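Below is one structure, written out as structure tokens, with a few remarks after it.
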Amino acid sequence: MQQSGRDWSPAEWGLRWLYDQPEVTVVLSGMNSVEMVEENCRTASEALPGHMTEQDQAVLETVRSRIREKERVGCTGCRYCMPCPKGVDIPGIFRCYNTMFIESKSQGRFQFAQTVGLTKEPAFATQCIGCGKCEQHCPQNIPIREKLKEADRALRPLPYRIGIAAARKFMFRK
Ligand code: SF4
Ligand code: SF4
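If you read the sequence shown in numbering that gives the first Met the number 0, its first letter stands for residue 0, the second for the next number, and so on.
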């Protein structure tokens with residue numbers, strides 16, 4: 000994106016792509032700083048349908064295909080599969096698994112420890128009983144049960160498994 004000649008942030012690229020579609024009239028965006036509100040207001044006032052050039056579209060396509068090449072599960076984080084009756088954090092596990100390949104193994108495992116491994120209520124893939132409820136709701140048709148096993152093997156090799164179990168014991172002792 001740096002080579003595109005645009006000074007748009009990644010969030011602005013995403014919003015601009017949405018505003019570029021003539022079918023889209025409203026865009027909802029999560030914001031947690033004044034700067035983000037200002038950027039989003041500016042983007043909304045500038046970005047009309049059809050404003051993106053062919054070169055802009057080519058930049059987006061390049062980014063999209065690079066991410067697709069690297070990600071292991073095409074999970075969009077929509078959470079339609081949730082809640083899992085056994086408490087498995089399905090989108091959280093897939094996000095960390097993808098991070099291992101899009102960013103780095105250590106970053107994916109670090110995120111996993113922070114957002115899944117050390118939460119008060121355990122949310123591990125190994126809690127899955129294979130009921131298949133989640134797969135009925137996934138718009139991406141992800142074979143969730145199979146992918147959870149694959150993700151868990153990558154995210155929690157034995158030393159991590161032992162480390163996380165020990166940390167949980169210490170943090171949540173009564
Ligand atoms: S198949 Fe596993 S992850 Fe999916 S809803 Fe059932 S228990 Fe949860
Ligand atoms: S429904 Fe599918 S795409 Fe959406 S969060 Fe769950 S696994 Fe990911």
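The C-beta atom is built at its ideal place from N, Cα and C for all residues, glycine as well. Computed from a predicted model, the values in this text were never measured in an experiment.
Option in the options with minimal Cα separation from residue i
i    : options                : result
V72  : L154, R155, I141, A153 : I141
G49  : K148, R15, E102        : R15
F111 : E102, I128, G91, Q126  : G91
E149 : I163, M99, E45, Y18    : M99
T118 : T24, R167, L147, R172  : R167
K69  : V58, I101, S28         : I101
F109 : T75, R155, C74         : R155
G129 : V87, I66, Q20, K104    : V87
Q139 : A57, L59, M35, C77     : C77
H136 : Y79, A124, V115        : Y79
Straight-line Cα distance separating residue j from residue i
i    : j    : result
A122 : K132 : 16 Å
E37  : A165 : 44 Å
T52  : S32  : 29 Å
T24  : S64  : 27 Å
V62  : E11  : 14 Å
P82  : G4   : 43 Å
Endpoints, the alpha helix (DSSP H) within which residue i is located
i   : result
R65 : 53 to 69
Residues with C-beta closer than 7 Å to any heavy atom of ligand 2, in chain order: In chain order, the residues positioned with their C-beta nearer than 7 Å to some heavy atom of ligand 2 are C74, T75, G76, C77, R78, Y79, C80, M81, I89, P90, F93, C133, H136, C137, P138, Q139, I141, I143.
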